[in-house]
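Heads up: the sequence lines are chains V and Z, in that order. If you're matching positions, the first sequence starts at 59 in my numbering and goes up one per residue. If you're matching positions, the second sequence starts at 14 in my numbering and goes up one per residue. Built from N, CA and C at the ideal position, the CB exists for glycine as well. These notes concern the structure reproduced below.
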Amino acid sequence: MDSFQTQVLVIGGGITGAGIARDLSLRGVNCIIAERYDINAGASGANHGLLHSGARYVSNDATAAEECRREGELLKKLACDCIEDTGGLFVAIQGDDENFVADFPHLCAQSGIDAQAVSIEEARELEPVLSDRLVAAYKVPDASVDPFKLTLDNFHQARSLGSTLLRHSEVTGFEIDAQRIVRTKLKNLLTGEDFFIEAELVVNASGAWAKEIAALAGCSINLLYSKGSLLVTHNRVTRKVINRLRPSSNADILVPGGTVSILGTTSVRIDTLDAIFPTVKEIDFILEEGASMIPALEKARSIRAYSGVRPLLGSQSTGDDRNVSRGFALLDHAENDLDNFVTITGGKLTTYRLMAEKVADLVCGRMGISAPCLTRTEALPSGAGAKWTKPGLAPKMWVKHHDPDDTLLCECEMVPKSVVDSLIDSIHLQNGKPDLKALGVRSRIGKGACQGTFCALRTGAYLYDTGEMENDEGLGSIRAFISERWRGIRPLLWDTPLIQAELQEAIYCGMFGLEIHDRQ
Amino acid sequence: MDVETEIHCDLAVIGAGMAGMAASLFAANRGIDTVQIGIASQIIFSSGLLDLLAVHPVEEGRTWDNPWEALDRLSGDLPDHPYSRIKKSHIRKALSETVVFLADSGLAYQVNEERNSHVITSLGTRKQTYYVPRTMWNGVQALHEKKPGLIIDIRGLRGFSARQITETLKPVWPGVRHERIEFPDMRSVQEMYTEPMARSLAVPENRKKLADIIRPLIKDARIVGVPAILGMQDSQDVQQDLEDMIGVPLFEIPTMPPSIPGLRIRETFEMKLPEKGVRLKYRNRVSRISKNNDEFLLEVGNDAPVSRIHARGVILATGRFLGKGLYADRKTIREPLLDLPVYQPGVRPEWHRFDFMDPRGHLINQAGLEIDNRFRPLDGSGKPADDNLFAAGSILAHQDWMRMKCGSGLAIATAYAAVNAFLKTTSKNG
């Protein structure tokens with residue numbers, strides 16, 4: 059059985075794990091990151107993509123508000139390629155809590171957040187789609203961030219410094235001796251083979267799955283799960299991030315990203331992490347609520363929905379889950395008599411870097427390494443293969459640098475062969491197999507109006523042409539890709555998306571018989 | 014209102030998919046003065062195969078070698094399925110009348126002694142169907158005989174990888190190789206589309222060039238598969254000519270839609286139906302229908318001037334959601350033209366399964382118009398909405414053509430039933 063050695067094993071390939079790996083690598087510490095599925099498979103890939111100014115938290119969590127403000131300012135400087143500095147608006151409409159509106163500027167000032175009152179006319183000039191029932195508006199320094207590019211860039215630098223990302227590697231157990239994790243047992247989900255990693259320290263950065271991982275080491279964490287669902291619109295609805303100026307509630311944030319906008323979220327307490335997908339009820343609710351702020355949302359075409367899970371520490375969990383502290387928790391399991399195991403969970407995309415810094419400080423302290431944190435001062439370099447997740451970027455590049463032989467594999471989102479080539483290379487570097495799902499995570503393939511119907515066929519054929527696929531594995535890859543996309547499309551099936559879904563079934567089932575292929 | 018033309022006819026067929034086309038054909042063959050209106054956009058998504066029935070019951074995924082036996086089982090199991098309202102002998106006549114028409118127009122079909130055949134798709138799957146276009150028939154036999162074969166793809170034609178097809182077919186057809194070619198005289202074209210290639214093969218010189226490219230690649234192969242580009246209405250000549258030059262049989266593999274075999278069917282109907290006296294209005298949709306005395310009045314086109322069609326009978330063959338015969342908002346499914354009641358399974362959360370490939374199929378695919386035994390859509394009280402209003406094709410409720418593999422057969426058989434019902438009504442009244 060294979061066994062690998064490293065200084066630090068990081069469990070979880072989301073933004074937290076990526077940030078930790080980069081921070082540690084910059085301090086000269088070698089890491090292996092083990093991810094069960096693929097990058098950003100959990101909440102890191104299922105959020106708004108909002109770089110909070112902190113204004114959202116001023117009324118109920120001043121600490122989180124200030125953390126967001128400081129980290130947001132820092133990331134705008136150091137990770138500018140991942141961020142679109144859109145600015146944001148907080149808007150109240152008739153019937154919203156007047157006291158909350160009145161307190162807002164004062165609370166922002168207390169947290170050092172620059173909130174500027176704008177007139178109703180100016181707000182509607184900035185964003186003409188806003189409701190004519192607007193009663194108050196403030197400009198804040200919100201921005202939108204591409205969480206996939208952010209994670210990929212962090213991993214890219216960590217890798218260039220000697221760390222390794224293992225995808226499709228599930229932690230199945232720990233061997234513990236004398237209050238230490240001696241070996242971590244993993245399973246390669248592609249091959250089914252077991253293997254071991256020996257590390258001086260193990261960091262559990264598995265987000266909502268932190269409780270399950272900790273339990274494997276005999277440590278208990280009281281974690282609760284709150285599911286949030288979001289909706290992606292076909293077109294970009296606003297230029298700025300739009301927040302509803304009221305206590306956190308459903309569907310009160312609309313974040314633009316490239317050529318689309320994302321509306322959300324809901325907050326539904328769930329007991330298990332088995333079936334995390336958006337329901338018809340949630341989507342209808344999001345749309346109706348969002349439409350009270352921006353009426354055009356009622357008629358806007360949606361292209362997909364998705365859900366993520368907020369991990370909440372048990373002690374924080376009274377009342378509405380959105381109102382509990384969104385701060386993070388760093389748990390040193392030395393308190394559970396396990397000297398080389400720490401868990402980081404909770405927090406937000408905006409504060410990922412700070413979370414990573416705190417983890418790295420603890421880890422380095424424990425290992426006697428005195429190297430300082432560099433992520434606070436050094437810019438995040440843009441990695442190859444990490445730039446194709448932003449809506450609208452591939453078309454721009456394709457039009458600018460179009461090599462006539464570089465034909466499009468995805469026409470809705472204009473993803474050409476050359477982009478897929480570079481992604482194939484980057485996936486190989488991450489010990490992975492370039493199947494359709496892996497390409498979908500790293501690009502806009504399957505995210506356009508055809509819902510993957512045509513691009514899955516073209517890209518699948520291309521993966522055979524390039525020798526990446528053998529035997530009939532393309533059928534399984536297409537099935538997995540379409541099924542994955544289906545979860546996000548299913549709640550949106552009326553009007554045009556329903557027509558598209560019918561075409562997709564006519565092709566995949568009616569024409570190819572993919573659903574009964576293995577029964578003939 | 015600004016009216017451009019007033020048209021009078023016996024029968025107005027609304028819809029230009031397979032059901033509408035077949036209805037116009039049957040009506041014309043029976044001497045009915047017919048006008049057909051609709052946008053022939055959906056039919057080009059057809060792969061050219063004429064499915065009859067291959068899967069039943071859907072939830073068991075049971076496939077049938079003999080579709081006629083499957084039909085017997087179906088009519089026992091699903092009395093509301095449109096097939097269950099038609100005699101088997103009528104389904105047979107409807108199909109053969111259609112296939113004879115297509116063959117006379119240059120699109121020959123072949124059938125495996127009343128059995129389903131396996132056709133190779135561009136994904137490398139084998140699709141069960143009943144009538145197989147002549148251009149694909151050699152592939153059916155080659156797959157059966159497992160002769161040494163060669164599958165060719167074309168540089169620049171996306172979504173069609175010969176390597177994918179051969180890799181996927183390996184377990185059932187191990188002796189098949191793949192090659193890639195450059196299509197003649199299109200070296201400068203990067204994104205290749207099937208239609209210009211198919212049309213270019215009308216020129217004998219181009220066929221010769223293509224044959225010269227293929228010939229040296231054949232080696233031990235006894236048969237060669239190519240993407241479906243072997244000509245348009247002239248496909249039989251193109252295929253024969255190429256086979257003579259390369260010395261082995263050829264077969265077509267349908268490409269990603271819209272594909273040439275679908276286009277051939279559309280062009281054939283568009284060309285031949287007018288010769289039979291059918292008046293076609295293919296660039297427009299019917300915007301409104303009303304009834305005065307014993308006459309339907311159809312307004313065609315949205316902008317003035319409109320055409321007005323006066324008809325004694327109407328066959329509604331407007332398709333499902335893609336064809337715009339049905340429309341769904343967030344709460345309900347409607348039939349937008351006449352606002353006929355639509356059978357629908359529950360509320361939106363129940364329309365679709367959580368898994369796209371759920372073997373039971375999606376409940377929304379059972380939605381549609383309910384009819385009586387004479388294919389007349391029912392109104393809210395369960396009676397025919399009108400004596401002279403009929404419905405055919407995929408708009409009908411209680412069938413899942415995509416999962417049962419019965420799309421074309423259902424379209425053709427129900428069109429046949431609807432036309433005959435119209436004939437009976439008029440002969441009784443007139």
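C-beta contact flag for residue i and residue j at 8 Å
i        : j        : result
Z:Gly381 : Z:Ile408 : yes
V:Val240 : V:Val400 : no
V:Ile300 : V:Leu407 : no
Z:Gln249 : Z:Ala121 : yes
V:Leu481 : V:Pro474 : no
Z:Thr181 : V:Asp530 : yes
Z:Met31  : Z:Ala424 : yes
V:Val326 : V:Ser284 : yes
V:Leu550 : V:Ala387 : no
Z:Leu214 : Z:Leu243 : yes
V:Ser61  : V:Glu256 : yes
Z:Gly172 : Z:Ser135 : yes
Z:Ile231 : Z:Gly152 : no
V:Leu192 : V:Ala181 : yes
Z:Trp81  : Z:Lys100 : no
Z:Gly314 : Z:Ser300 : yes
V:Cys365 : V:Ser189 : The question names Cys, but residue 365 of chain V is Ser in the sequence shown. Not closer than 8 Å, so no.
Distance between residue j and residue i (C-alpha atoms, nearest Å)
i        : j        : result
V:Glu86  : V:Pro369 : Inspection of the sequence shows that residue 86 of chain V is occupied by Gly rather than by Glu. C-alpha separation (whole angstroms): 30 Å.
V:Gly423 : V:Leu289 : 42 Å
Z:Gly260 : Z:Asp225 : 11 Å
V:Gln509 : V:Ile547 : 8 Å
V:Cys431 : Z:Glu204 : 50 Å
V:Ser307 : V:Thr323 : 8 Å
Z:Lys344 : Z:Val360 : 7 Å
V:Thr64  : V:Thr435 : 26 Å
Z:Arg147 : Z:Arg128 : 16 Å
V:Ser169 : V:Leu274 : 40 Å
V:Gly441 : V:Glu471 : 21 Å
Z:Ala88  : Z:Thr439 : Per the sequence shown, the amino acid found at residue 88 of chain Z is Ser instead of Ala. If you take the alpha carbons of Z:Ser88 and Z:Thr439, they lie about 29 Å apart.
Z:Trp414 : V:Glu560 : 11 Å
V:Gln488 : V:Ile73  : 16 Å
Z:Ile27  : Z:Val68  : 29 Å
Three-state secondary structure assigned by DSSP to residue i
i        : result
V:Pro555 : helix
V:Asn394 : helix
V:Gln374 : Here the model assigns V:Gln374 a pLDDT of 44, short of 50, so the residue's position is not dependable and the matter cannot be decided.
V:Ser325 : coil
V:Gly612 : Since the first residue of chain V shown is 59 and the last is 578, residue 612 of chain V is not available in this structure.
Z:Tyr144 : strand
V:Asn105 : coil
Z:Thr438 : helix
V:Asp576 : helix
V:Leu487 : helix
V:Arg294 : coil
Z:Leu423 : helix
Residue i - containing alpha helix (DSSP H), residue span
i        : result
Z:Asn42  : 31 to 42
V:Gly268 : Before going on, a small fix: residue 268 of chain V reads as Ala here, not Gly. Looking at the DSSP string, the run of the alpha helix (DSSP H) that includes V:Ala268 is 268 to 274.
Z:Gly374 : Looking at the DSSP string, Z:Gly374 is not in any alpha helix (DSSP H), and its letter there is neither H nor E.
Z:His131 : Looking at the DSSP string, Z:His131 is not in any alpha helix (DSSP H); the run it does join, the beta strand (DSSP E), is 130 to 133.
Distance cut-off 7 Å: residue i Cβ against heavy atoms of the ligand FMN
i        : result
Z:Gly332 : For the ligand FMN, the structure offers nothing, since it holds no ligand at all.
Neighbour flag for residue i against chain A, beta carbons, 8 Å
i        : result
V:Ile565 : You won't find chain A in this structure, because its protein chains are V and Z.
Extent of the continuous beta strand (DSSP E) to which residue i belongs
i        : result
V:Gly546 : No beta strand (DSSP E) holds V:Gly546; the alpha helix (DSSP H) holding it covers 531 to 547.
V:His164 : Element bounds for V:His164: not the beta strand (DSSP E) but the alpha helix (DSSP H), 156 to 168.
Quiz item: Does the pairing of the segment 60 to 79 of chain Z with the segment 408 to 424 of chain Z give three or more beta-carbon distances under 8 Å?
Solution: Segments in contact, yes.
Quiz prompt | Validate contact between the segment 265 to 279 of chain V and the segment 385 to 404 of chain V using beta carbons, cut 8 Å, 3 pairs | solution = Yes: the two stretches touch, three or more of their Cβ pairs being nearer than 8 Å.
Quiz item: Counting pairs of beta carbons, one from the segment 322 to 330 of chain Z and one from the segment 390 to 406 of chain Z, are three or more of them closer than 8 Å?
Solution: Three or more Cβ pairs closer than 8 Å define a contact, and the segment 322 to 330 of chain Z meets that threshold against the segment 390 to 406 of chain Z.
Quiz item: Taking contact to mean at least 3 C-beta pairs separated by less than 8 Å, is the segment 163 to 181 of chain Z in contact with the segment 512 to 525 of chain V?
Solution: Contact holds: three or more Cβ-Cβ distances are below 8 Å.
Practice problem: State whether the segment 69 to 77 of chain V contacts the segment 407 to 420 of chain V, with contact taken as three or more CB pairs (one from each stretch) at a distance under 8 Å. | Solution: Segments in contact, yes.
Self-check item: contact_flag[the segment 195 to 204 of chain V, the segment 139 to 153 of chain V] where n(CB pairs < 8 Å) is 3 or more
Solution: They touch, by the three-pair rule.
Exercise. Check whether the segment 209 to 220 of chain V touches the segment 85 to 104 of chain V, taking contact to mean three or more Cβ pairs, one atom from each stretch, closer than 8 Å.
Key: Touching, yes.
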